[in-house]
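The block underneath contains the structure these notes are about, expressed in C-alpha cells.
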Amino acid sequence: MRLWRSVVGKVWMTILLLVSFVLIILTILLIQFFEKYHVNQIEKSLSDTAEKISRIIESHRNDGLGEEIVFEIVDAPMRVVIAYDKEKFHYSPNIEEKNKIPAYVFLNDDELSTVFTEEKVVKKELSLSDLHDPGSRFRNYLVAGVPLHLNDKETGAIFIYQSLGVLKETTKQTANLILLAAGIAIVLTTIFAFFLSTRITAPLRKMKEAAFELSKGNFDTRVPFLSQDEIGELAIAFNQMGKRLKFNMNVLRQEKEQLTSILSSMADGVMTFSRDGTVLITNPPAERFLQQWPIDGNEADPIPPEMADLLEQAIADEKEHTGELTIQGRYYVVIVSPLYTHDQKSVRGAVAVIRDMTEERRLDKLRIDFVSNVSHELRTPIAMLQGYSEAIIDDIAGSEEEKQEIVKIIYDESLRIGRLVNELLDLARMEAGHITLNFEEVDVGAFVERITFKFQTIARDNKIELQSHIDKENIMFSLDPDKIEQVLTNLIDNAIRHTHENGKITVTQSIVQGGITISVQDDGTGIPEEDLPFVFERFYKADKARTRGRAGTGLGLAIAKNIIDAHHGQLTVESKLGEGTIFTLFLPNRK
Numbered sequence: 001m002r003l004w005r006s007v008v009g010k011v012w013m014t015i016l017l018l019v020s021f022v023l024i025i026l027t028i029l030l031i032q033f034f035e036k037y038h039v040n041q042i043e044k045s046l047s048d049t050a051e052k053i054s055r056i057i058e059s060h061r062n063d064g065l066g067e068e069i070v071f072e073i074v075d076a077p078m079r080v081v082i083a084y085d086k087e088k089f090h091y092s093p094n095i096e097e098k099n100k101i102p103a104y105v106f107l108n109d110d111e112l113s114t115v116f117t118e119e120k121v122v123k124k125e126l127s128l129s130d131l132h133d134p135g136s137r138f139r140n141y142l143v144a145g146v147p148l149h150l151n152d153k154e155t156g157a158i159f160i161y162q163s164l165g166v167l168k169e170t171t172k173q174t175a176n177l178i179l180l181a182a183g184i185a186i187v188l189t190t191i192f193a194f195f196l197s198t199r200i201t202a203p204l205r206k207m208k209e210a211a212f213e214l215s216k217g218n219f220d221t222r223v224p225f226l227s228q229d230e231i232g233e234l235a236i237a238f239n240q241m242g243k244r245l246k247f248n249m250n251v252l253r254q255e256k257e258q259l260t261s262i263l264s265s266m267a268d269g270v271m272t273f274s275r276d277g278t279v280l281i282t283n284p285p286a287e288r289f290l291q292q293w294p295i296d297g298n299e300a301d302p303i304p305p306e307m308a309d310l311l312e313q314a315i316a317d318e319k320e321h322t323g324e325l326t327i328q329g330r331y332y333v334v335i336v337s338p339l340y341t342h343d344q345k346s347v348r349g350a351v352a353v354i355r356d357m358t359e360e361r362r363l364d365k366l367r368i369d370f371v372s373n374v375s376h377e378l379r380t381p382i383a384m385l386q387g388y389s390e391a392i393i394d395d396i397a398g399s400e401e402e403k404q405e406i407v408k409i410i411y412d413e414s415l416r417i418g419r420l421v422n423e424l425l426d427l428a429r430m431e432a433g434h435i436t437l438n439f440e441e442v443d444v445g446a447f448v449e450r451i452t453f454k455f456q457t458i459a460r461d462n463k464i465e466l467q468s469h470i471d472k473e474n475i476m477f478s479l480d481p482d483k484i485e486q487v488l489t490n491l492i493d494n495a496i497r498h499t500h501e502n503g504k505i506t507v508t509q510s511i512v513q514g515g516i517t518i519s520v521q522d523d524g525t526g527i528p529e530e531d532l533p534f535v536f537e538r539f540y541k542a543d544k545a546r547t548r549g550r551a552g553t554g555l556g557l558a559i560a561k562n563i564i565d566a567h568h569g570q571l572t573v574e575s576k577l578g579e580g581t582i583f584t585l586f587l588p589n590r591k
C-alpha cells in the first residue's frame with residue numbers, strides 16, 4: 001500500500017493509466033477502422049465481380065458458355081448464385097451444402113428482392129443460422145446482387161456472397177497484433193515511468209529525510225543537487241532555508257539565553273500569565289515567592305487573591321496596576337502590566353513584577369528606631385548635664401563636696417555621651433566595610449584566660465563565679481587580638497550584668513574542624529525566644545530592667561557581630577528564658 005501512496009506509485013499509475021486509456025481508444029478505433037475498411041473492400045470487390053459476371057452471362061446467353069466461364073473465374077471464398085428468374089437458381093460448384101444460402105432468402109428478403117423487381121444493385125450483410133446445424137452460431141455473409149438482363153422480357157439476378165469469417169480472423173489477428181503492441185508499450189511505459197519517477201522522487205526523498213533531520217534540530221543537514229532544473233533549484237532553496245533556520249535558531253537561542261540570564265539575575269520576581277490566570281514563565285525570585293504562598297487544605301491557590309485581583313483588573317482595563325502584599329511577615333510590591341498579541345489589538349495575558357520590599361521596610365524601621373534610640377540615649381545625659389550645670393550656675397550646691405559630686409556626675413555623663421558617639425562611629429565604619437584587622441599569632445588559651453582574669457574582680461563584687469575552660473594549651477591561632485578582646489569583653493560584661501548573685505559564668509575555648517570556638521555561657525535571666533532574631537541589631541535591649549543600674553547603649557552586640565563577620569566567622573546565640581544564655585563565636589583558620 002505504501003507504493004500507491006508514494007510519489008513513485010502515483011506517477012507510475014498516472015502515466016500507466018493515461019497510456020492504457022490512449023492505447024484502448026486507439027485499439028478500438030483501429031479495429032473498427034480495419035473492419036470497416038475490409039468490409040468496404042469486400043463489398044466493392046463483390047459488387048465489381050457481380051457486374052463482371054452479369055456482363056459475361058449477358059454476352060454468352062446464346063452459346064451457353066457463360067456459366068462455365070463464371071464458375072472458372074470465381075475463386076474461394078467468393079460464392080456465386082445465378083438466378084435466371086425467380087424459379088431457376090444455379091449455385092457455383094465451390095459452394096458447400098452448409099454454406100449454401102437458400103433461394104428463398106434472396107426472394108423473401110426485401111432488399112435482395114429489389115434486384116428482380118427494380119433492377120437495382122444491392123449490397124447487404126446477412127446473418128443466417130446453419131440449416132444443417134441449427135445449434136450453431138449465426139453465420140455472417142456479405143451479399144452483392146446485380147440485375148441480369150437476358151432479353152427485353154426476362155430479367156434475372158447475379159448474387160455473389162462471401163463469409164465474413166475470414167474478415168473476423170483478419171480482424172482478430174489485427175487486434176492481437178495491436179494488443180501485443182499495446183502490451184509492449186505498457187511494459188516500456190512502466191519502465192519509463194519508474195525511471196522518470198525515480199529521477200524525480202529520489203531528490204524528493206532526500207529532501208524528506210533532510211526535512212525530518214531539520215525537525216529534530218539538525219540544521220547542518222544538506223541536500224545534494226545534481227541537476228539544474230526545478231528540483232535542483234528546490235534543493236538549493238532547501239539548503240538556504242536550512243542555513244537560515246540555523247541562523248534564526250541560534251539568534252533565538254541567544255536571545256532566550258540572554259532573557260533567561262536577565263530574568264535569573266534580577267532581584268525582582270517576574271511572572272507571566274495567560275488570560276485565564278495560568279502561570280507561564282517565572283524566574284527564581286518569583287518561584288520563591290510562590291513557595292511562600294500558604295496552601296489551604298488540599299487545594300493550592302496558584303497566586304494570592306490580591307494578586308489575582310490585580311491580574312483581572314490589568315486584563316480588563318488594559319492598564320498597569322500596582323498593589324502591595326504581605327505574606328508571612330514579608331512585604332511585596334506587585335506591578336501588573338497587560339501583554340498584547342502581535343497585532344496589538346487584544347490582550348493575551350499579563351506580566352507581573354514582584355519586588356520584595358521587606359529589607360527596605362526593615363531599613364526604614366531601623367532608621368526610625370535608630371533616631372528614636374539615639375534620641376532616647378542622649379536625652380537622659382543631656383538632661384542631667386543641663387540640670388546639674390544649672391545647679392552650679394545658680395549656686396544651688398552649698399558645700400564644696402556637693403559641687404564636686406555634681407561635677408563628677410557631669411563628667412560621667414559626658415563620658416557616657418562620648419562612649420555612645422564612639423560606638424556609633426565604630427559601627428558605621430564597620431558596616432561601611434572600613435574595618436581594619438591586624439592579624440597576629442596568639443596563644444588562644446592564654447588570651448582567653450587573661451580576658452577572663454580581667455573580669456574576676458567585677459564578678460566577685462557581684463557574687464558571681466567566673467571561670468574558663470581551655471581545650472588545649474599553647475595553641476597558636478591567627479586573629480586580631482584587640483578586636484576579639486573587644487568582642488569577649490562585651491559578651492562577658494553582658495553575662496555579668498544579666499546574671500543573678502551566686503550565678504555562674506563559663507568561658508570555654510575549643511578546637512574544632514576548620515577553626516576554633518569560644519563560648520560565653522551564663523545561668524542568668526536569659527532572652528525571650530521572640531527576641532533572639534534581633535539581639536545583634538543596634539540598640540537592642542531585651543529587658544532594660546536587667547541592666548542592674550549599669551545601662552548599656554545596645555550597640556555592643558552589633559559591633560561584636562561585625563567584628564566576627566570581618567574575621568569570616570560566625571557569632572550565634574542560644575538562650576532560654578530563666579535558664580541562661582550561650583554566645584558562641586567561631587573563627588575559621590586563615591588560608
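Per UniProt numbering, the sequence shown starts with residue 1, numbered consecutively.
Glycine is no exception: its CB is placed at the ideal position from the N, C-alpha and C atoms.
- Restricting attention to 112, 473, 355, the CA atom closest to the CA of residue 146 is found in 112.
- In the DSSP assignment, residue 515 falls within the unbroken beta strand (DSSP E) covering 515-522.
- When the Cα atoms are used, residue 16 and residue 74 turn out to be separated by approximately 50 Å.
- Classified as exposed, residue 176 has fewer than 16 neighbouring CB atoms from the shown chains inside 10 Å of its CB.
- For a cut-off of 8 Å, the C-beta gap from residue 562 to residue 435 is around 7 Å, short enough to register as a contact.
- For the 8 Å CB-CB criterion, residue 210 and residue 221 form a contact.
- Out of 578, 590, 569, 576, the CA that lies nearest to the CA of residue 584 is found in 569.
- Boundaries of the beta strand (DSSP E) harbouring residue 443: 440-443, taken from the DSSP string.
- For residue 334, the secondary structure class from DSSP, reduced to helix, strand or coil, is strand.
- For secondary structure counted as the alpha helix (DSSP H) over 4 or more consecutive residues, the region 266-315 holds these complete runs in sequence order: 284-292.
- Residue 520 and residue 534 have their C-alpha atoms some 19 Å from each other.
- About 6 Å separates the beta carbons of residue 334 and residue 352, which is inside the 8 Å limit, making them a contact pair.
- Counting only the Cα atoms, residue 455 lies some 39 Å from residue 396.
- A direct Cα-to-Cα measurement between residue 109 and residue 124 gives close to 10 Å.
- Taking 8 Å as the cut-off, the Cβ atoms of residue 471 and residue 510 count as close.
- For residue 348 against residue 340, the beta-carbon gap comes to about 7 Å, under 8 Å, which counts as contact.
- With respect to the C-alpha of residue 320, the residue from 527, 567, 162, 350 having the closest C-alpha is 350.
- Only residues of its own chain outside the window of five on either side were considered, and among them 310, 311, 314, 321, 350, 352 have a CB closer than 6 Å to the CB of residue 336, listed in chain order.
- As DSSP reads the structure, residue 350 sits in a beta bridge with 273, 338.
- For a cut-off of 8 Å, the C-beta gap from residue 162 to residue 79 is around 7 Å, short enough to register as a contact.
- Inter-residue distance for residue 271 and residue 303 is about 11 Å (C-alpha atoms, whole angstroms).
- DSSP places residue 162 within a strand segment (E or B) once states are collapsed to three.
- Judged by beta-carbon spacing, residue 581 lies within the 8 Å limit of residue 526, meaning their Cβ atoms are closer than that value.
- Pairing residue 51 with residue 168, the inter-Cα distance amounts to about 26 Å.
- Excluding its 5 nearest sequence neighbours in each direction, residue 567 has C-beta neighbours in its own chain below 6 Å: 587, listed in chain order.
- For residue 570, the enclosing beta strand (DSSP E) starts and ends at 570-576.
- In this structure the region 171-189 does not lie against the region 94-103, because fewer than three pairs of beta carbons, one per stretch, are closer than 8 Å.
- Looking at the DSSP output, residue 82 bridges to 90, 158.
- Residue 65 carries a coil assignment under DSSP once its states are collapsed to helix, strand and coil.
- Non-local C-beta neighbours of residue 452 in its own chain, meaning closer than 8 Å and more than five positions away in sequence, comprise 466, 467, 468, 492, 507, ordered along the chain.
- Secondary structure at residue 355: strand, using DSSP grouped into helix, strand and coil.
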